[in-house]
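S.K.: Residues in the sequence shown are numbered consecutively from 1, following the numbering used here.
Glycine included, each C-beta is placed from N, C-alpha and C at the ideal position.
Note that the structure is predicted; figures quoted are calculated from it, not measured.
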Amino acid sequence: MPNRALRSGAAAETDRRAARLDELERALRDEARLVGDLRDVLVHQRAGVASSDYRQVEASVLAMSRIVLTLEEARTHREAITATLANGETVPLGELESHLGTPLPEPLNAVRAAVRKVAGAAAEDIAINQRVLRRALEAGDAYLQRLFSAADDPSPVYCSEKHPSEGPRGGVLLNRTA
């Protein structure tokens, strides 16, 4: 009887681990989708900057804020699943396989690689957007600098540039009675 209970306990633990691994795979798929959404928003932001559409840029900033918050929640969820798999320990995804002592299922490995790939591409997109935004700000500053430095100081009085003494000497006499 003890052998049967031991086998059923081991089978139950294997089933729980498989369910957690499936849950981790789903969580990683969600993260990959969110990072893909972030990349789309970054592209829209660059388009807004290129077309000088401040509303599009503002909308992209708001969308990015929402996505980043959702990504943070997804990361927290993934870490909780990983900790459950690792008996309460915090284990990075790259070390999960060695910590568990068994190979991860291939679908989980594939989605883990996909998350790494899309995260790397998103990091490149963010770097591009930072350069684009920095250049746009510099161009705006340079434009304002040229605008204000090219304008001559206006004269503090309302008169023509010629001084009254430069006109012909002598006066004109009008006879209003004639």
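1) Do residue 133 and residue 49 have their CB atoms nearer than 9 Å?
2) Once you ignore the five residues that flank residue 71 on each side, which residues in its own chain have a CB closer than 6 Å to its CB?
3) Could you compute how far the alpha carbon of residue 100 sits from the alpha carbon of residue 92?
4) Can you say whether residue 78 is buried or exposed, counting buried as having 16 or more other CB atoms within 10 angstroms of its CB?
5) Going by C-alpha distance, which of 28, 26, 63 and 30 is nearest residue 44?
6) Under the three-state reduction of DSSP, which class applies to residue 104: helix, strand or coil?
7) Report the option in 138, 97, 27 and 21 whose CA atom is closest to the CA atom of residue 73.
8) So, are the CB atoms of residue 125 and residue 17 less than 9 Å apart?
9) What's the C-alpha gap between residue 82 and residue 15?
10) Who are the near neighbours of residue 24 in its chain, counting only those whose CB is closer than 6 Å to its CB and skipping five residues on each side?
11) Could you check if residue 32 is buried or exposed, using at least 16 other CB atoms within 10 Å of its CB as the buried criterion?
12) Since residue 46 and residue 109 should fall inside the 8 Å C-beta cutoff, what is the C-beta to C-beta distance between them, to a whole number of angstroms?
13) Hey, could you find the ends of the alpha helix (DSSP H) residue 82 is sitting in?
14) With a 10 Å radius around its C-beta and 16 neighbouring C-beta atoms as the bar for buried, classify residue 112 as buried or exposed.
15) Can you name, in chain order, every residue of its own chain whose Cβ lies under 7 Å from the Cβ of residue 89, other than the five neighbours on each side?
M.R.: With the given structure in hand:
1) As a first step, residue 133 must be located in the sequence shown, where it is residue number 133. As a first step, residue 49 must be located in the sequence shown, where it is residue number 49. Contact flag set, yes.
2) For the purposes of this step, residue 71 is taken as the residue at position 71 of the sequence shown. Only 34 meet the Cβ criterion.
3) Mapped onto the sequence shown, residue 100 falls at position 100. Mapped onto the sequence shown, residue 92 falls at position 92. Cα to Cα, the separation comes out at about 12 Å.
4) By 1-based counting over the sequence shown, the position of residue 78 is 78. Buried is the call here.
5) Numbered from 1 along the sequence shown, position 44 holds the residue referred to as residue 44. Out of 28, 26, 63 and 30, 63 has the C-alpha closest to the C-alpha of residue 44.
6) Position 104 of the sequence shown, counted from the first residue, corresponds to residue 104. The answer is coil: DSSP assigns residue 104 none of H, G, I, E or B.
7) Locating residue 73 in the sequence shown gives position 73, counting from the first residue. Out of 138, 97, 27 and 21, 27 has the C-alpha closest to the C-alpha of residue 73.
8) Within the sequence shown, numbered from 1, the residue matching residue 125 stands at position 125. Within the sequence shown, numbered from 1, the residue matching residue 17 stands at position 17. No, these two residues do not count as a Cβ contact at 9 Å.
9) Along the sequence shown, one-based indexing puts residue 82 at 82. Along the sequence shown, one-based indexing puts residue 15 at 15. Cα-Cα distance, rounded: 16 Å.
10) Numbered from 1 along the sequence shown, position 24 holds the residue referred to as residue 24. Answer for residue 24: 81, listed in chain order.
11) Sequence index remark: in the sequence shown, residue 32 carries index 32 (1-based). Answer is buried; the Cβ neighbour count reaches 16.
12) On the sequence shown, position 46 is the one that residue 46 refers to. On the sequence shown, position 109 is the one that residue 109 refers to. That belief does not hold up - the Cβ atoms of residue 46 and residue 109 are roughly 33 Å apart, past 8 Å.
13) Sequence index remark: in the sequence shown, residue 82 carries index 82 (1-based). Looking at the DSSP string, the run of the alpha helix (DSSP H) that includes residue 82 is 54-85.
14) Walking along the sequence shown from the start, residue 112 turns up at place 112. Classification for residue 112: buried.
15) On the sequence shown, residue 89 is found 89 positions in, with the first residue counted as 1. So the list reads 83, once near-sequence residues are dropped.
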